[in-house]
Structure formats: C-alpha cells, structure tokens
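In mature numbering (1 follows the signal peptide of the UniProt record, and there is no 0), the protein residues as written are -28 to -1, 1 to 896.
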C-alpha cells in the first residue's frame, strides 16, 4: 500500500475512533410488555376493545416489532376505591408499563393518585373536569371546556333565545357551565331542572310543558336518554315544535325507532362515525372474535365513544412506546406500593404520548400544549324518518358547519308535510271565515268559507298536507294579559299546541312575534277610521254666489264703481269725448258728452254682463280703461262660469271629521276599537301624542267605546247616526263599505302592518308555508281571492255600482239649485217697477208745478199718454199746441239763455241751439 493508507498515524486514528464510539448499544424493549386494565362489571365493550387493541398491535409488526403486549385485566366495583387501590398495586407488582381505566370517578381518583406517586402512565377515556397538567394522567376524552364550546356554538347557530336544561348529576351543571355563561343576563331566562332518582320524570316534564318551553338541553347518562324521551312522548312533548339537544356522545348507540316519525328535532354530537370503514371493521372483528369464544356481543352496529377511545388509547400507548424506544433504553420492572421506587421512564413516555399525532377510531388524536385533547372534530347528527343522519360537523377552529344545504332541509320538511294533517284554528270574521249558508247541516271543513279558508286550501295544494279547521273557543284573536302573563284566543291555542296554524285577519305584532312564529304577510294594511257617510247638504238658495267668495264679490263691486267713476272723470277730462250733436252745424253752440255718470255705470255693467252698450269710448284714455275692464271681466266671468258648473252639479257633503287628528281634537263624536285587538294595542303602546290622547279618551269613555267584535263596531257606527266612529283595519273597512253604502273610510292609514299565518314557536313548517304564500302572491292568486271575497261574494260591489252610476250621469239641476237666480230676477223686476213709478210720479209732479195743474190730473194725463196706442202728447191746461221740447216746455229764448248742463256744454263760438222733440202727428 502506498500513500496515506500506509501511514501508521492513520491506523492509530481509526483504532481510537473504534474504541471511543464503537457499535451503538442495542436498545431493545422486553419481549413481553404488560399493561393493566381496570374495568367495572358492566364495562364489557371497553374490555373487549382493550383486548382486541392488544391483539391488533401484536399482529401489526410495524408498531412494536420485537415486543408483544400482554393485557392484565382486573375487575373492580365502581364504588369500591379500596379494592381498586389493591388491584393497582397488584398490577404494579407484576410490572405493568401503563394502567388503563377505570371509568368510575370514585375509583379513578385513587388510581390516579397511586400512578402519580409511582410515575406510571395512567390512561383514561372518560369525561373528567378535574384535569391536572402536572400528572401522569393522559385522558383521550375531549376536553370539557372545548366540548362545552361545541354546545354553545350549536345553540347559537340555531338561534335559541330560551331553553331548559335538564341534568342528572352535578357534573352535568359543570358541563353546561359555558352554555350558561354564554347566555347573558339581558337574554331570555334559562330554566335548569334536575332529573329525579325515582325514574318517573313525567311531573318534571309536565312542568316544562306548561311553561311552553320547546327547546330542551338534556344532559344525562346514555342509559337514561331513552326513558326520558319515552316519558316525554307520553305527555306530548315529542311534537314537531320540540327540539332536544342531547349532550351525550353516544346517542347513536340507542334505538330511537319509536321517535323518528314524530317530527321532533333530536340532535346530538358524535365522536365515532359508524360509517367509518375502520370502525365498521373493528366492530366486525370484535363480534366475530367473541363468537369464536362462545360469547355473544351485540354492538348494534355502533360503538360508544368510551369504547372507541379505549381502543385508541392502547394504540396511542404503543406508538409512544415505540417512539420512546428509539431515543433511550427502556427498562420495565415491577414496583411496590410499599416503597418509594418510581419508574424512571414514566414521564418520558407520557410526554411522548402527548406529542404523538395519530388517526384512530375517533378520528385524529392529538393534544395541545397543555396536554389536553382540545382539537377534535364532532359530527352533528339529527334524528329523521331514516334514523340518525349526519347534518354537519363541529371543530374548535371553525365552529358549526352544516353539510346539508338550506334547500335540502326545506325539501325534507315538505316531505314531512306530505299527507300530514294539521289543525288550523280560526275565528268567525267576515270575509276571512264565515259559516256557509246552507239548508243542510254541514260538518267539518265544509261548513266554513271565506278568504282565509280559500287561502289555506291553496297552500295545502302546494305543500300536499291535509287540515282540519277548528274555531278558537273564546273567539278572540289573541292578547296578552300582563297581570296573569297568559295569552288568550288563537295565540293560546298555538302556545298550548292544540293547533298547528292560526289563520284569520290576525295582525303581526311585536308581542305576538315574541311567542309564536309568523309567515310572511299575505295581506298588507293599516288602521283607519270607519264613519258614517256625510249627509248631503240641501242646496243654498243663492248657490250661484258660491263660486266666488264674499271678499271677491266685494272687490268686484268696488272695482265696478271705481272703473265707472274713473271712466266718467276721464271722459269729461279728455276733449275727444265731446262731440257736436248736429254735424251739419259747423259752429255749434254747445257739445255733448255721452259718458255721463249714469251712462258710465251702464257701460261698465253692460260689459260685465257681456251684453254690450250703444255707447262707445272714442278717446285713447277711455278706450284703455274700457279695454282693461273688458280683460278683467273676461277672466272673472270665465272663472265664475267654470266654477259655477261645479258648484251647481256637485252636491256638497260636509263631514265633521276628515282624519284621525280631527277625532282627537273633538269630544262630541265617540270612537273606539276592538277590545283586546292589535288596533287597541297600537294606540295603547304608541308614543305619538295624538294617539296617546285618543287612547286616554277611549279608555275613560263611559259607556265603553270598545267592542267585542268588528261586527258590533260596524253596527254602532250605523246606529250612531254620526255620533260614533270605529277604528279598524283598512281591509276590513273596504269589505264593510262595499256592502253598507251608508259608511265610508275617513282619512288615510295610521300605520302599516300585515296579516300573517301564525304557528307555534320554532315550527319547522314556517319557511315552507311562507314560500307557498310568496308563490301565491307572485301568481296573482292572493289578488284574485281578495277580489272574490271583497267585491263579488256576499253582496260585494253593490255600493260600487251605485257610485259608478251616479258618477257616469250628470246631476239634474232642480229649482233648489237655481232658485236664487229666479229670486234675483223677480227682485230686479220689482225694483225696476218701483223706480218706474217713482220716475212717473216725479215727472208728473214737475210738470204739474210748471203747468200749474194738480198732481192727480197731471198723473192721469201722463197715464193716458203712456197707455195710448199712438203715443200723442196730451194737452195740458193752458197749453196752446202739441209741440213738446226737450227741456220741458222751454222756449228757444229760454234755451238760448240757459244751455243744458245735462246733455252738453256751451260752446262760445256758435249761436245758442235748442233741441225740440216733435209729436209725429203734429208735423206734416
């Protein structure tokens, strides 16, 4: 050899390395490793799981390839802690590496104390809230606080506002501690009740039933669950409206066939999935193995959580022991309870078990940094017609996760409704529910008809259920008595679960919503006022004056006089209104002005009456006045004429009230509402001052203004003759005024609300029935039903026909409408006659003085002249001819010396001019 291989120093280094390190020491476990199991006489399944887990590990050479486990089983009494201590010491004396069990809390604490002293791993598979971090205990059962959080999350996901906790032992209260903490003081109260030891739970369950509580959390041993549910079924607490949350993880091990068709929501968590192939295979192997030994073991296709955990605990120990063997030499030797010796590898093995992560029959097994099993997955199982089925999962990270979709849940509910018979409660209230008019005696559903009856029939056709209609015993809708805390009417029927649905004109209110469930509204409405129609007022004799107010008439009269005076002044002021009375005479002695004061008044009145006048203005100023006056009269007369047509053809109907505010402002008209109804509750609970005042008025009125039914309220309005108004829902008012033409709705709606179908709290059918109502609304069938029962059936539409007939033809005008025009006409004629007589007497007197004759003779002469056919001038005494001058009998000389100031003014450039009026027969 050459090079470094032949160098002596290299060989020395190799020899030194072999001496220092040498081959690794053999770390081999003993060929037989004993583990102890403490079981009670009734722990057969856990003992089987313990033994077959040992066999499974021994047959699997990958876990402990050079060792085998030996199961040392000891049976002890659940209450005998002394015997348990002796059995533990015996197991330690034979050299066990770990102790499994027992399940009883009385004996387990003593076993754990000994194991802690001897530093022997102690593996448990039971619920125990007294977990300590620094101990030799390894508990595979889910951590109590984390398990409680699962209950809290599920209750929150369901939206339970209140519930009752039924527990068996004080440990149950510890399990429910987190649930109680999560329910704040401001929430609804939680009732906590303990099961009696007598085995008769019916008195306790009856108390819960009387409290109308339908959400129940049941915490008891698995052995008692069936009996509690059975007795609950006997007293009627296993209906569609009850929900049970079972805290046991072993509900799947109980035969629940008697309850799966009742519709009750029974839910629990499950740690072991029976459908898991590993679980099914394990059950099969255990059953076959026991059968070979001549033992019959029935797991009922399910294994309890503690049994599966025992199986997983043995595997966890074996895997941790294998991992520990790779890191250190393990020596297993017997220990004595009488010495201070401990097993040096105990805590190491425990630490390895807490860091191991493996998959077993209870899914993934791992521990948190505190050594507790707080990270695990639970299945949520519900009881249905097909038995228990998985509806979701829960884990400590994401909480509740329902695997079934909302549509799948609703589909299942509809399937449950198929051919199911529901009890429907209602009351007689037209047009929602009425008895049929029939000569034959009707029974069952056939005796009723109405909008609500047709509505539930349409819903039943969509969802496929049957129904039986029953009237509420007291005939009331449902109101809450604050003194007794009880409900009456249809709401009481629902709360006591004597009915499944309540359908009528039942208003959705806050108080009712707190105790029962409502569907979406099938009809929207509001509170309004029912009152007697106002009486038609007799026409006013001077109704032609009504189109214009008194102020306008006064302004028009003032304008008439003002324009007339202004026209007279401007006509005299302007030179263009003075004209020559005789155009042939180029130099007249005087000029005439047509717009005297009387003529000005006549001109304006003629324009106002649109009759015109033979006098026309000539100057620009007077024409401007005339034009503006004509524009004024055009607008005024047009407005008057248009308004007059309405006043004469439309009959006025004066009502003392026009709204609810008008009712509140007066005390003469009484008003009330249905006693105990939602309308009365609206005014009672309102914070609006007007409505508070109205409620105070109604509450203090004597006699009472409240009625027992809507029909009674309508009758009081009719008989009241305008002294009573009834507050009720607008839809009911529509129905009434379609049939009673004397009544009408006053004002608009005071609020907005709806009618809904009520059902017991937590009804599973709520969404399905709401969906059916929505479908009917979209198809227009709700409108068709309302038209049928409001406007067609039972005399509907009679008042509408009268209204349309009266509105299609114009009202005839009677003498009462236009009588005032005749009065004015006759009055004007009378005044004209009186004025004519006065003019006749005045003129006769003037002539009599001038002619020096008696008044009587002159009046007789004038009368004969007026009645004469040819109108010849009569001869007066002292008169020498038949010529009659314009200024009485003045001579030309008189006319020239005194020009007339009435017909013109003197013109200085022309000679005096006299006007004569000749008798036609006196002129040739």
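The C-beta atom is built at its ideal place from N, Cα and C for all residues, glycine as well. Here the structure is a predicted model, which is why all the values come from computation and not from measurement.
Nearest-angstrom Cβ-Cβ length linking residue i and residue j, presumed shorter than 8 Å
i	j	result
residue 290	residue 109	In fact, because the Cβ distance is near 18 Å, the residues do not count as touching under 8 Å.
residue 56	residue 7	Between residue 7 and residue 56 the Cβ distance is about 17 Å, and since that is not below 8 Å, they are no contact.
residue 666	residue 635	7 Å
residue 225	residue 274	5 Å
residue 633	residue 613	Not really, about 36 Å apart at Cβ, beyond 8 Å.
residue 579	residue 543	Residue 579 to residue 543, Cβ: 15 Å. No contact.
residue 276	residue 222	5 Å
residue 173	residue 203	5 Å
residue 388	residue 235	6 Å
residue 546	residue 588	Not really, about 14 Å apart at Cβ, beyond 8 Å.
Contact under 8 Å by Cβ, residue i with residue j
i	j	result
residue 188	residue 216	yes
residue 497	residue 447	no
residue 151	residue 123	yes
residue 489	residue 731	yes
residue 897	residue 757	Since the first residue shown for the chain is -28 and the last is 896, residue 897 is missing from the structure and cannot be characterised.
residue 48	residue 10	yes
residue 50	residue 17	no
residue 567	residue 549	yes
residue 468	residue 444	no
residue 177	residue 218	no
residue 437	residue 394	yes
residue 697	residue 686	no
residue 360	residue 353	yes
residue 351	residue 231	no
residue 330	residue 287	yes
residue 495	residue 703	yes
residue 337	residue 737	no
residue 355	residue 321	no
When the options are compared against residue i, the one with the closest alpha-carbon
i	options	result
residue 692	468, 643, 146, 349	643
residue 5	64, 181, 56, 49	64
residue 418	441, 431, 433, 725	441
residue 682	664, 651, 660, 606	651
residue 373	192, 493, 125	125
residue 606	534, 583, 593	583
residue 755	423, 168, 197	423
residue 196	213, 168, 212, 209	168
residue 765	408, 688, 312	408
residue 317	88, 545, 500	88
residue 507	716, 381, 721	716
residue 473	183, 131, 741	741
residue 99	86, 92, 74, 85	74
Residues bridged to residue i (per DSSP)
i	result
residue 664	Note: residue 664 sits in no beta bridge, so no partner.
residue 500	700
residue 10	46
residue 137	164, 189
residue 898	Residue 898 lies beyond the range of the chain shown here (-28 to 896); nothing can be said about it.
residue 642	696
residue 452	459
residue 147	DSSP output for residue 147 lists no bridge partner at all.
residue 359	356
Below-8 Å beta-carbon distance, residue i vs any chain D residue
i	result
residue 317	Absent here is chain D; the protein component of the structure consists of one chain.
Exposed unless 16 or more other CB atoms sit within 10 angstroms - verdict on residue i
i	result
residue 405	buried
residue 860	Since pLDDT at residue 860 reaches only 37, below the 50 mark, its modelled position is unreliable, and no value is offered.
residue 23	buried
residue 342	exposed
residue 601	buried
residue 66	exposed
residue 379	exposed
residue 725	buried
residue 830	buried
residue 278	buried
residue 297	buried
residue 603	exposed
residue 761	buried
residue 640	exposed
Residue i beta carbon near the ligand PLP (any heavy atom closer than 7 Å)
i	result
residue 597	As far as ligands go, the structure on display features none, and thus does not contain the ligand PLP.
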